[in-house]
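Here is the structure we will look at, set down as structure tokens.
Protein chains: 2
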Amino acid sequence: MFVTEERWQKINQVLANRTKFITVVLEDIYQPHNASAVLRSCDCFGIQDAHIIENKNDFNPTKGVTIGADQWISLKKYNKSDNHNTEQCYRYLKDHGYRIIATTPHEDEVSIDEVSLDQKTALVFGAEYTGLSDYALENADGYAKIPMVGFSESFNISVGAAICLYELSTRLRKECSAWELDEDEKLHLRYKWLHNSIREADMVEERYFSDQE
Amino acid sequence: MFVTEERWQKINQVLANRTKFITVVLEDIYQPHNASAVLRSCDCFGIQDAHIIENKNDFNPTKGVTIGADQWISLKKYNKSDNHNTEQCYRYLKDHGYRIIATTPHEDEVSIDEVSLDQKTALVFGAEYTGLSDYALENADGYAKIPMVGFSESFNISVGAAICLYELSTRLRKECSAWELDEDEKLHLRYKWLHNSIREADMVEERYFSDQE
Chain P
1 MFVTEERWQK
11 INQVLANRTK
21 FITVVLEDIY
31 QPHNASAVLR
41 SCDCFGIQDA
51 HIIENKNDFN
61 PTKGVTIGAD
71 QWISLKKYNK
81 SDNHNTEQCY
91 RYLKDHGYRI
101 IATTPHEDEV
111 SIDEVSLDQK
121 TALVFGAEYT
131 GLSDYALENA
141 DGYAKIPMVG
151 FSESFNISVG
161 AAICLYELST
171 RLRKECSAWE
181 LDEDEKLHLR
191 YKWLHNSIRE
201 ADMVEERYFS
211 DQE
Chain A
1 MFVTEERWQK
11 INQVLANRTK
21 FITVVLEDIY
31 QPHNASAVLR
41 SCDCFGIQDA
51 HIIENKNDFN
61 PTKGVTIGAD
71 QWISLKKYNK
81 SDNHNTEQCY
91 RYLKDHGYRI
101 IATTPHEDEV
111 SIDEVSLDQK
121 TALVFGAEYT
131 GLSDYALENA
141 DGYAKIPMVG
151 FSESFNISVG
161 AAICLYELST
171 RLRKECSAWE
181 LDEDEKLHLR
191 YKWLHNSIRE
201 ADMVEERYFS
211 DQE
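If you're matching them up, the sequences are chains P and A in order. All letters in the first sequence, in the order written, are residues 1 to 213 by our numbering. All letters in the second sequence, in the order written, are residues 1 to 213 by our numbering.
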């Protein structure tokens with residue numbers, strides 16, 4: 001009644017393609033346009049959850065990032081402690097059954113197209129210049145990199161993350177099952193997204209409930 | 001003698017992975033950081049040739065783009081005429097056996113992972129806001145888009161091009177043969193790259209040839 005038929009269909013179509021099987025972790029990405037670009041890629045490839053670690057350190061004096069892109073993506077932030085935010089994020093992910101894959105050039109690295117999807121997978125991306133923290137590297141369950149054959153040896157974080165998410169999400173949909181959200185998760189997001197789609201949603205809600213009284 | 005053993009090996013390793021089977025066309029990309037990012041992706045994925053079309057029109061008043069990234073990539077520019085630069089580029093590509101694939105949302109579109117690689121392929125990317133010109137769209141041999149399942153309906157040009165090049169170049173190396181450069185092409189590039197790698201190469205050359213006299 002308050003959104004167009006087209007909008008309603010779009011919401012349900014997006015929901016049908018959303019997954020929490022793959023998730024994204026950003027550790028100390030302090031350039032807002034980079035973080036925003038990664039979240040846009042999450043939306044495009046149907047990745048629902050992003051975990052944002054904000055450590056305070058000498059290399060990254062900026063206090064935090066305000067990201068406007070959480071309208072369609074569920075963000076979980078870790079910024080309460082001075083040094084243990086990455087640890088808290090990793091603990092949360094392991095408790096929820098994720099294998100943690102750090103994206104980095106590393107001697108044990110595997111190519112992103114060889115990363116196994118037999119378990120829920122969290123892809124961790126590090127800061128623009130300093131890369132991932134020692135803790136993030138040492139406590140990962142595995143490593144991945146994008147195969148490159150040129151003189152350049154790295155991508156911008158927004159480009160690198162987009163390629164990794166394209167590769168894994170395409171493979172997930174082709175090869176795996178049970179990656180969809182469950183009905184409870186869909187219900188919760190449908191409500192949130194409808195709320196985002198309706199102008200003055202709070203007022204509409206208020207009127208609806210006062211009409212019921 | 002004038003470059004390290006490591007550099008020499010790197011040059012030959014990059015050469016072994018270079019291809020002209022896939023090529024990139026940029027039509028009126030006037031933001032230098034976007035054009036540079038696409039050329040960096042070309043290098044990373046081993047795409048040797050990039051075709052740069054610079055039409056002058058009301059939407060893009062900037063006269064042209066100076067790109068510093070042509071050190072490792074071979075650029076061919078089309079900017080001599082007022083209106084027919086795209087036509088000249090397409091004619092060149094068709095004369096050289098390329099199938100031209102315009103990347104755009106279009107009713108006949110196919111997903112980038114379904115683009116056939118049974119023929120040399122040129123991927124065309126359009127301007128940041130206005131997209132590809134009518135001529136570029138109407139005279140393409142086919143269309144491709146990146147499959148997206150979220151609310152966002154487009155990528156930044158640098159992200160979109162990187163995903164397309166990752167997808168096609170990965171598939172090319174896995175599934176196709178005869179994509180490598182021929183010996184003449186390798187010889188020519190090896191010379192150019194060595195030249196780029198040696199400081200004061202011209203002086204070294206001059207000394208070498210004067211020693212031969």
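Where a beta carbon is used, it is the ideal one built from N, C-alpha and C, also for glycine.
Remark: C-beta atoms of R99 (chain A) and T130 (chain A) do not approach each other more closely than 7 Å. Those residues of the segment 145–163 of chain P placed with their C-beta closer than 8 Å to a C-beta in chain A are I146, P147, M148, V149, G150, F151, S152, F155, N156, S158, V159, A162, I163, ordered along the chain. For R173 (chain P), the three-state secondary structure derived from DSSP is helix.
The beta-carbon of N139 (chain P) is placed no less than 7 Å from the nearest beta-carbon of chain A. Taking the Cβ atoms as the reference, V159 (chain A) lies roughly 18 Å from G150 (chain P), outside the contact range of under 8 Å.
L26 (chain P) carries a strand assignment under DSSP once its states are collapsed to helix, strand and coil. Listed in chain order, the positions of the segment 27–41 of chain A with a beta carbon within less than 9 Å of a beta carbon of chain P are A37, R40, S41.
Look at the segment 80–117 of chain A and you find these whole runs of alpha helix (DSSP H), each 4 residues long or longer: 85–95. By alpha-carbon distance to F155 (chain A), the top candidate from P:N85, P:I163, P:F2 is P:I163. Taking all protein chains in view, the Cβ of E6 (chain A) is surrounded by fewer than 16 other Cβ atoms within 10 Å, so the residue is classified as exposed. Using a CB distance below 8 Å, the part of the segment 98–119 of chain P facing chain A consists of D113, ordered along the chain.
In the structure shown, A178 (chain A) adopts coil according to DSSP, grouped into three states. Two segments are said to touch when three or more pairs of C-beta atoms, one from each, lie closer than 8 Å; by this definition the segment 16–26 of chain P touches the segment 169–181 of chain P. For I22 (chain P), the closest of P:D43, P:N55, P:A37 by C-alpha to C-alpha distance is P:D43. Note on geometry: alpha-carbon atoms of L137 (chain A) and V24 (chain A) lie some 15 Å from one another. Taking the beta carbon of F45 (chain P) as reference, the chain A residues within 8 Å of it are M148, V149, G150, listed in sequence order.
Of the candidates A:L132, A:F45, A:D28, the residue whose Cα lies closest to the Cα of E153 (chain P) is A:F45.
Looking at the backbone, the Cα of D134 (chain A) and that of T86 (chain A) are separated by about 10 Å.
With a contact defined as Cβ atoms closer than 8 Å, I73 (chain A) and F125 (chain A) miss out at about 15 Å. The residues T19, F21, I22, L117, W179, in chain order, have a CB closer than 8 Å to that of L172 (chain A) in the same chain once the five nearest residues on each side in sequence are set aside. Within the DSSP secondary-structure output, A122 (chain A) pairs in a beta bridge with A:T23, A:I100. Put simply, the backbone Cα of E114 (chain P) is about 10 Å away from that of K145 (chain P). In this structure, the alpha-carbon of H51 (chain P) lies about 46 Å from that of H195 (chain A). When DSSP reads this structure, Y78 (chain P) sits in a beta bridge with P:I53.
Across the structure, Y92 (chain A) and K77 (chain A) are spaced so that their CA atoms are roughly 11 Å apart. Around the C-beta of C176 (chain A), fewer than 16 other C-beta atoms lie within 10 Å, and the residue is accordingly described as exposed. In the same chain as A102 (chain P), and ignoring 5 residues on each side of it, the C-beta atoms closer than 7 Å to its own belong to V124, L132, A136, L137, A140, Y143, in chain order.
Rounded to the nearest angstrom, the gap between the Cα atoms of L165 (chain P) and D28 (chain A) is 28 Å.
Note: I198 (chain P) is not bridge-paired with any residue in the DSSP secondary-structure output.
About 7 Å separates the beta carbons of N34 (chain P) and E128 (chain P), which is inside the 8 Å limit, making them a contact pair. For the C-beta of V24 (chain P), not a single chain A residue is nearer than 8 Å; the gap to the nearest is close to 13 Å. Excluding the 5 residues flanking it on each side, W193 (chain A) has same chain C-beta neighbours closer than 6 Å at I11, in chain order.
Chain-ordered, the chain A residues with CB closer than 7 Å to the CB of T170 (chain P) read D113. Rounded to the nearest angstrom, the gap between the Cα atoms of E185 (chain A) and Q88 (chain P) is 53 Å. Excluding five sequence positions before and after Q31 (chain A), the CB atoms of its chain that fall closer than 7 Å to its own CB belong to E128, given in chain order. Neighbours of N17 (chain A) in chain P, taken as residues at a C-beta separation under 9 Å, are given in chain order as V149, G150.
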